[in-house]
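K.L.:
Before anything else, here's the structure in question.
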Amino acid sequence: MRGSWKIARIAGIDIGVHYTWLFAFLIISWSLAQGYFPQSYPSWSRTLYWAAGFLSAILLFISVLIHELAHSLVAQARGLPVSSITLFIFGGVSNLSEEPERPGLEFGMAIVGPLSSLVLSGIFYIVRLPIGQGTFTYAIFGYLILINLLLAAFNLLPGFPLDGGRVLRAILWKTSGSLVKATNIATAVGRIFGWGFIALGVFIFFNTGDFLSAIWIAIIGVFLNSAAEGSRQEVTVREHLSGVKVTQAMEANTETVGPRLSVAELVRDIFLLKRRRAIPVADGDQIVGMVSITDVRDLPQEQWALTPVERIMTRGPIHTVTPGDDLATALKLIAQLDLNQVPVLSGGKLVGILSRANVISFLQLRQELGTKGERRFNTPPSLRR
Ligand SMILES: [Zn+2]
346 MRGSWKIARI
356 AGIDIGVHYT
366 WLFAFLIISW
376 SLAQGYFPQS
386 YPSWSRTLYW
396 AAGFLSAILL
406 FISVLIHELA
416 HSLVAQARGL
426 PVSSITLFIF
436 GGVSNLSEEP
446 ERPGLEFGMA
456 IVGPLSSLVL
466 SGIFYIVRLP
476 IGQGTFTYAI
486 FGYLILINLL
496 LAAFNLLPGF
506 PLDGGRVLRA
516 ILWKTSGSLV
526 KATNIATAVG
536 RIFGWGFIAL
546 GVFIFFNTGD
556 FLSAIWIAII
566 GVFLNSAAEG
576 SRQEVTVREH
586 LSGVKVTQAM
596 EANTETVGPR
606 LSVAELVRDI
616 FLLKRRRAIP
626 VADGDQIVGM
636 VSITDVRDLP
646 QEQWALTPVE
656 RIMTRGPIHT
666 VTPGDDLATA
676 LKLIAQLDLN
686 QVPVLSGGKL
696 VGILSRANVI
706 SFLQLRQELG
716 TKGERRFNTP
726 PSLRR
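Note that the sequence shown covers residues 346 to 730 in my numbering.
What follows is the structure, encoded as structure tokens:
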């Protein structure tokens with residue numbers, strides 16, 4: 346995820362924190378120190394409330410991380426590589442390089458998250474048993490028992506993309522045999538929950554005046570809605586792309602520029618004259634990089650004439666695809682590496698370029714021609730930038 350920092354590496358998985366998580370951390374600490382702890386333990390000092398607030402927020406963070414690790418470790422054990430886990434304002438997300446290919450695998454991966462939260466809650470309950478009531482430790486464990494129980498319950502709601510929605514999709518997928526049909530139903534339920542949360546937020550606002558909770562719940566609803574819609578589009582597009590090869594969508598253009606060409610010439614002759622957005626940089630037969638409009642944008646204009654392309658280009662390892670690769674796989678690579686385009690090589694020789702724009706226009710063309718395009722689709726998240 347863009348805008349996140351890597352903080353650790355566990356079992357080969359990068360653990361990252363997105364900047365939005367810091368807001369969640371502060372809001373949670375604040376609401377615990379101002380509301381939750383003073384209500385249950387009125388005799389404590391202010392310092393103690395804040396200490397409990399911060400400590401609880403950190404332990405909540407670790408609880409969410411354990412929940413995500415459970416998903417990721419099951420995925421890895423079943424042969425699905427997980428590149429990273431990112432914690433952001435609404436929790437955590439595991440970034441899988443591939444989607445599960447069988448309903449059984451999806452079921453197992455999904456259910457283990459809420460189960461781990463449930464188990465954590467139980468562990469905190471047992472550990473708390475010998476601790477005296479009203480003490481600092483007792484209070485923190487009390488919060489952890491509650492929040493992990495809530496995490497389990499929330500994630501078990503049967504709307505995609507929540508874990509419960511994935512479980513529902515796995516069951517529908519298994520019984521109907523169709524991933525698209527299963528996804529459509531599970532994401533529709535997800536949107537019902539999304540709208541439900543928005544309505545709940547509005548209800549809370551007008552009935553209790555608790556603005557913070559109202560806004561928080563409504564935003565979760567909006568997030569669920571857009572995530573459900575994004576997932577549905579992703580699957581629809583994947584279906585549209587099934588069986589399509591890179592060669593059908595790529596731009597057959599073998600033009601390259603040399604590494605010592607000046608940026609000024611690049612802009613004039615390639616970007617402006619030929620209206621291209623990116624071009625491979627080749628030294629002899631060897632592709633040594635890619636240079637795009639984005640690379641140029643970072644360089645002050647007065648330096649364009651004196652700067653060679655090799656200074657601003659994106660260097661290797663350059664990810665490439667071949668004309669015979671599945672378009673869906675190539676698209677996944679482009680999305681995962683957050684690229685705009687990849688060179689297409691055949692037998693080590695450049696034969697073209699595949700960009701997000703190429704994939705979008707391919708899909709639009711197919712839709713207009715009516716081939717496999719009965720259903721309208723919007724641009725899925727993997728094609729957006
Ligand atoms: Zn989960």
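Think of the CB as a built atom: it goes at the ideal place given N, C-alpha and C, for glycine as much as any other residue.
From what residue to what residue does the alpha helix (DSSP H) around residue 390 run?
P.N.:
Locating residue 390 in the sequence shown gives position 45, counting from the first residue. For residue 390, no alpha helix (DSSP H) segment is defined, and its DSSP state is neither H nor E.
K.L.:
So is residue 720 buried or exposed if we call it buried at 16+ other beta carbons inside 10 Å?
P.N.:
For this step, residue 720 is matched to residue 375 along the sequence shown. Any reading at residue 720 must be qualified, since the residue scores a pLDDT of 47, below 50, and its modelled position is unreliable; no value is offered.
K.L.:
Ligand 2 heavy atoms versus the CB of residue 458: any closer than 7 Å?
P.N.:
Ligand 2 is absent from the structure shown, which contains only ligand 1.
K.L.:
Using 8 Å as the threshold, is the C-beta distance between residue 678 and residue 704 below it?
P.N.:
For the purposes of this step, residue 678 is taken as the residue at position 333 of the sequence shown. For the purposes of this step, residue 704 is taken as the residue at position 359 of the sequence shown. In this structure, residue 704 does not lie closer than 8 Å to residue 678 by Cβ.
K.L.:
What does DSSP give as the partner residues of residue 737 in its beta bridges?
P.N.:
The question about residue 737 has no answer here: the residues shown for the chain are numbered 346 through 730.
K.L.:
Give a yes or no on whether the C-beta atoms belonging to residue 658 and residue 636 are separated by under 8 Å.
P.N.:
By one-based count along the sequence shown, residue 658 stands at place 313. By one-based count along the sequence shown, residue 636 stands at place 291. In this structure, residue 636 lies closer than 8 Å to residue 658 by Cβ.
K.L.:
What distance in whole Å lies between the Cβ atoms of residue 410 and residue 393, which are believed to be in contact at a cut-off of 8 Å?
P.N.:
In the sequence shown, the residue the question calls residue 393 occupies position 48. In the sequence shown, the residue the question calls residue 410 occupies position 65. That belief does not hold up - the Cβ atoms of residue 393 and residue 410 are roughly 26 Å apart, past 8 Å.
K.L.:
In the structure shown, what three-state DSSP assignment does residue 576 receive?
P.N.:
Within the sequence shown, numbered from 1, the residue matching residue 576 stands at position 231. Helix, per DSSP.
K.L.:
Closer than 8 Å by C-beta to residue 374: which residues in its own chain qualify, once you throw out the five before and the five after it? Chain order, please.
P.N.:
In the sequence shown, counting from the first residue as 1, residue 374 sits at position 29. These residues qualify, in order along the chain: 395, 398, 399, 401, 402.
K.L.:
Please classify residue 552: is it buried, with 16 or more other beta-carbons within 10 angstroms of its beta-carbon, or exposed?
P.N.:
For the purposes of this step, residue 552 is identified with residue 207 of the sequence shown, where counting begins at 1. Exposed, because fewer than 16 other Cβ atoms sit within 10 Å of the Cβ of residue 552.
K.L.:
Pop quiz: residue 350 and residue 361 are said to be a contact at Cβ under 8 Å. What is the actual Cβ separation, rounded to whole angstroms?
P.N.:
Here residue 350 corresponds to residue number 5 of the sequence shown, with the count starting at 1. Here residue 361 corresponds to residue number 16 of the sequence shown, with the count starting at 1. So it is a contact: roughly 6 Å between Cβ atoms.
K.L.:
To the nearest whole angstrom, what separates the beta carbons of residue 527 and residue 521, a pair I think is in contact under 8 Å?
P.N.:
Looking up residue 527 in the sequence shown gives position 182. Looking up residue 521 in the sequence shown gives position 176. Residue 527 to residue 521, Cβ: 6 Å. Contact.
K.L.:
Out of curiosity, what's the CA-to-CA distance linking residue 556 and residue 601?
P.N.:
Taking the first residue of the sequence shown as 1, we reach residue 556 at position 211. Taking the first residue of the sequence shown as 1, we reach residue 601 at position 256. Approximately 57 Å between the Cα atoms of the pair.
K.L.:
Going along the chain, which residues of its own chain have a beta-carbon closer than 7 Å to the beta-carbon of residue 545, five neighbours each way excluded?
P.N.:
Taking the sequence shown and counting its residues from 1, one reaches residue 545 at position 200. The answer, listed in chain order, is 562.
K.L.:
Measuring CB to CB, does residue 502 end up less than 8 Å from residue 509?
P.N.:
As a working mapping, residue 502 is identified with position 157 in the sequence shown. As a working mapping, residue 509 is identified with position 164 in the sequence shown. Result yes, Cβ atoms of residue 502 and residue 509 sit closer than 8 Å.
K.L.:
I'd like to know whether the C-beta of residue 679 is nearer than 8 Å to at least one C-beta of chain C.
P.N.:
In the structure shown, chain C does not exist; there is a single protein chain.
K.L.:
DSSP three-state label for residue 616, please.
P.N.:
Counting from one through the sequence shown, the residue named residue 616 turns up at place 271. In this structure, residue 616 counts as helix in the three-state DSSP scheme.
K.L.:
If you compare alpha carbons, which of 607, 639, 683 is closest to residue 654?
P.N.:
Taking the first residue of the sequence shown as position 1, residue 654 is located at position 309. Ranking the options by Cα distance to residue 654, first place goes to 607.
K.L.:
Run through DSSP, which three-state label would residue 478 get?
P.N.:
Within the sequence shown, residue 478 is the residue found at index 133, counting from 1. Looking at residue 478 - three-state DSSP - the assignment turns out to be coil, as it is neither helix nor strand.
K.L.:
Residue 420 and residue 463 look like a contact to me (Cβ under 8 Å); what is the Cβ gap, rounded to whole Å?
P.N.:
One-based indexing of the sequence shown puts residue 420 at position 75. One-based indexing of the sequence shown puts residue 463 at position 118. With a Cβ gap of about 19 Å, residue 420 and residue 463 do not count as contacting.
K.L.:
Between 427, 614, 465, which has its C-alpha nearest residue 454's C-alpha?
P.N.:
In the sequence shown, counting from the first residue as 1, residue 454 sits at position 109. The shortest Cα separation from residue 454 among 427, 614, 465 belongs to 427.
K.L.:
Is residue 585 near ligand 1 - that is, is its Cβ less than 7 Å away from at least one heavy atom of it?
P.N.:
Locating residue 585 in the sequence shown gives position 240, where the first residue counts as 1. Because no heavy atom of ligand 1 lies under 7 Å away, the Cβ of residue 585 does not count as near it: no.
K.L.:
With three or more beta-carbon pairs closer than 8 Å as the criterion, would you say the segment 528-548 touches the segment 565-575?
P.N.:
The answer is yes - the segment 565-575 touches the segment 528-548, with three or more Cβ pairs under 8 Å.
K.L.:
Say yes only if the C-beta of residue 555 is nearer than 7 Å to one or more non-hydrogen atoms of ligand 1, and no if none qualify.
P.N.:
The count along the sequence shown starts at 1 and reaches residue 555 at position 210. Incorrect: residue 555 has no Cβ contact closer than 7 Å to ligand 1.
K.L.:
Determine the direct distance from the alpha carbon of residue 466 to that of residue 460, and round the result to whole angstroms.
P.N.:
For the purposes of this step, residue 460 is identified with residue 115 of the sequence shown, where counting begins at 1. For the purposes of this step, residue 466 is identified with residue 121 of the sequence shown, where counting begins at 1. Whole-angstrom Cα-Cα distance: 10 Å.
K.L.:
Which term fits residue 713, buried or exposed, when burial requires 16 or more other beta carbons within 10 angstroms of its beta carbon?
P.N.:
Taking the first residue of the sequence shown as position 1, residue 713 is located at position 368. Exposed is the call here.
K.L.:
Can you name the start and end residues of the alpha helix (DSSP H) that residue 438 belongs to?
P.N.:
By one-based count along the sequence shown, residue 438 stands at place 93. From DSSP, residue 438 is part of no alpha helix (DSSP H) but of the beta strand (DSSP E) over 436-441.
K.L.:
Work out the CA separation of residue 489 and residue 384 for me, nearest whole Å.
P.N.:
Along the sequence shown, one-based indexing puts residue 384 at 39. Along the sequence shown, one-based indexing puts residue 489 at 144. Cα-Cα distance, rounded: 16 Å.
K.L.:
Here's a check: name, in chain order, each residue in its chain whose Cβ is nearer than 7 Å to the Cβ of residue 368, leaving out the five neighbours to either side.
P.N.:
As a working note, residue 368 is residue 23 in the sequence shown. The residues are 434.
K.L.:
Here's the rule: buried if 16 or more other CB atoms are within 10 angstroms of the residue's CB, otherwise exposed. What is residue 626?
P.N.:
Taking the first residue of the sequence shown as 1, we reach residue 626 at position 281. Its Cβ being crowded by 16 or more others within 10 Å, residue 626 is buried.
K.L.:
Candidates 695, 469, 446: which alpha carbon is nearest residue 424's?
P.N.:
For the purposes of this step, residue 424 is identified with residue 79 of the sequence shown, where counting begins at 1. Nearest C-alpha to residue 424: 446.
K.L.:
Residue 586 and residue 673 - do their beta-carbons sit closer together than 8 Å?
P.N.:
Walking along the sequence shown from the start, residue 673 turns up at place 328. Walking along the sequence shown from the start, residue 586 turns up at place 241. Cβ atoms of residue 673 and residue 586: closer than 8 Å.
K.L.:
Are the CB atoms of residue 291 and residue 580 nearer to each other than 8 Å?
P.N.:
Since the displayed the chain opens at 346 and closes at 730, residue 291 lies outside it and no answer follows.
K.L.:
Hey, which unbroken runs of the alpha helix (DSSP H) at 4 residues or more fall wholly within the segment 466-550?
P.N.:
481-500, 508-521
K.L.:
So, at 8 Å on beta carbons, what are the nonlocal neighbours of residue 354 in its own chain, with the 5 sequence-adjacent residues on each side left out?
P.N.:
The sequence position of residue 354 within the sequence shown is 9, counting from 1. Its chain contains 360 as the residues whose beta carbon lies nearer than 8 Å to that of residue 354, once the 5 sequence neighbours on both sides are disregarded; these appear in chain order.
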